[in-house]
Structures are given as structure tokens and as C-alpha cells.
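Numbering (the UniProt record's numbering), first residue to last: 1 to 240.
A virtual CB, placed ideally from N, CA and C, is assigned to each residue, including glycine.
Remember, it's a predicted structure, so these values are computed and weren't measured experimentally.
Note sheet for the following structure.
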């Protein structure tokens, strides 16, 4: 509406200044429409530069966070460096376990990404701040500028568990290659490690039940895998 007011006041100013014969009327109308024109320009300028009539509105969205890697890989949160010196990162992730295509954060200066460790379920918390009109009246006046919901900033906070690995996409490929190369060796070592734990459990607890031995075996296998993965993760990270 403010743009219409600008156009109308400019046309009315021209007509009143040029075509109105009576001097008093001409001066009065010129002053009125001149002030309308100046006010419209000032309001448009203030809306554009100072967001006149608008307020910052922040919304928070929480989604599940799943590993960006395949089912045969450890829990991964991946990133791709943007620019020089790894100052900016685009993070790659999934929100469901059966998701075929990964998602990624935006690569712009208004987006900030953070990674934090949690003992709770992994999640992604996104806080988005936008300029919105403070009232219907303000939207009516300035809505034609099409600047409602203009993005101010967006912050992605990734909450991952301690057993997750945060790697670049290049490091993730190296990790997958290492694990494939050592697959047979790891299988043999895992069997030996599990057997040692089972024997130790039987020795320390002669009356241990079969179900308890199964739990010991499963935990030993999980522990060995975590240790092996951590070793490979450290290796690929040290290569950069």
C-alpha cells in the first residue's frame, strides 16, 4: 500500500502544481501531496534499511538425527569444508534410518553450525530467526515489498553421542576403505576378543547362566567394534 501511496502522491503533486490555477489551493495541495510523497519515501526507506513495522521472530525445530553413513559404517556426522582454512562447513546428515538421500545445511553466511556431545538421543535443533510484520496493518502497508519472513540467521546444533565420529566426506571415504581392507582381520580379532571375555566370565563366575554369557558375548563384540572404529577414525583424522 505504501508504494501505491507513493505513486498516487507523486502524480497528485504534479497535477496540483501544474494544473491547479488558484494559488492558495495549489500551494495547499502541493504541500499536502509533497508531504505525502516525502513521508512515503521515508517510510519505504526505513522499512528497507531499519525494518520499520517489523520484529524478529525466532522458531525452534527439533528433529531426529541419524548417521549419514551406511548401515555397515559407524555412527557418522559428515561435513564438507567451504572456502579456505576450513572456516565454514556444510554438514551432511539424515533424519530417518531408512532415508536414501542425505540432507545438508545451507552454505551461506546466515547459517551457523555447531556440534555438541550428549548422552541423550541424537538430535538436530534448528533455530531460525526471521523478520516478520508486527501487525496486519504493517503488513498491509508494506507487504508489497515482499520482505515478510526475511531470513536473519539460522543456527543448526547437532547433538551426537560420544561414539559418533564427526568426519569430512573425504575422511569418511578413507574410513570405509580402511574398514574394508581390514575386514577379515577384524573378524578374526573380534572372535578372539569375545572368546577371551567369555572365558574370563566363566572363570570369575562358575555358575554364570547361558543368557548371561550371551550378554557378555554381545557386549564384548560391541566394545571391540567401537575400539576398532575409534582406532581407524583417529588414523584418518591424523592423515589430514
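Limits of the unbroken alpha helix (DSSP H) element including residue i
i	result
residue 187	183-204
residue 21	Careful: residue 21 lies outside any alpha helix (DSSP H) and carries neither H nor E.
residue 113	Premise fails: residue 113 lies in the beta strand (DSSP E), 111-117, not in any alpha helix (DSSP H).
residue 210	210-239
residue 96	No alpha helix (DSSP H) contains residue 96, which DSSP labels as neither H nor E.
residue 136	136-142
CB contact check: residue i to chain D, cutoff 7 angstroms
i	result
residue 157	Of the protein chains in the structure, only one exists, and it is not chain D.
Boundaries of the beta strand (DSSP E) in which residue i is found, first to last residue
i	result
residue 80	76-82
residue 130	123-133
residue 149	Residue 149 -> no beta strand (DSSP E), and no H or E assigned at all.
Close Cβ partners of residue i (< 8 angstroms) along its chain, the five nearest in sequence each way excluded
i	result
residue 161	75, 117, 118, 119 and 122
residue 112	153, 154, 155 and 156
residue 1	140, 141, 142, 143 and 144
residue 181	none
Proximal residues to residue i (C-beta, below 7 angstroms), its chain only, five neighbours per side dropped
i	result
residue 16	26, 29, 30 and 33
residue 261	The first residue shown for the chain is 1 and the last is 240, placing residue 261 beyond what the model contains.
residue 5	36 and 40
residue 208	201 and 202
One or two residues paired with residue i in a DSSP bridge
i	result
residue 166	77
residue 105	Looking at the DSSP assignment, residue 105 forms no beta bridge with any residue, so it has no partner.
residue 155	112 and 127
residue 90	80
residue 160	117
Other residues of its chain near residue i: CB distance less than 6 angstroms, five sequence neighbours each side excluded
i	result
residue 51	131
residue 88	82
residue 3	144
residue 114	157
residue 92	68, 78, 102 and 104
residue 239	none
Is it the case that the region 61-73 contacts the region 138-145, given that we only count it when at least three CB pairs across the two stretches are under 8 angstroms? no
Stretch-stretch touch, CB-based, cutoff 8 angstroms, three pairs: the region 228-236 with the region 175-184: yes
Is it true that the region 153-160 meets the region 216-225, where meeting means three or more beta-carbon pairs spaced less than 8 angstroms apart? no
Across the region 107-118 and the region 18-38, are there enough close Cβ pairs to call them in contact, namely three or more that are closer than 8 angstroms? no
Three or more C-beta pairs below 8 angstroms linking the region 58-68 and the region 39-47: The region 58-68 is not in contact with the region 39-47.
Can you check the region 12-67 for any alpha helix (DSSP H) of at least 4 residues that lies completely inside it and give the ranges in chain order? 23-50
Inter-stretch contact (C-beta, 8 angstroms, three-pair minimum) for the region 84-97 and the region 192-209: no
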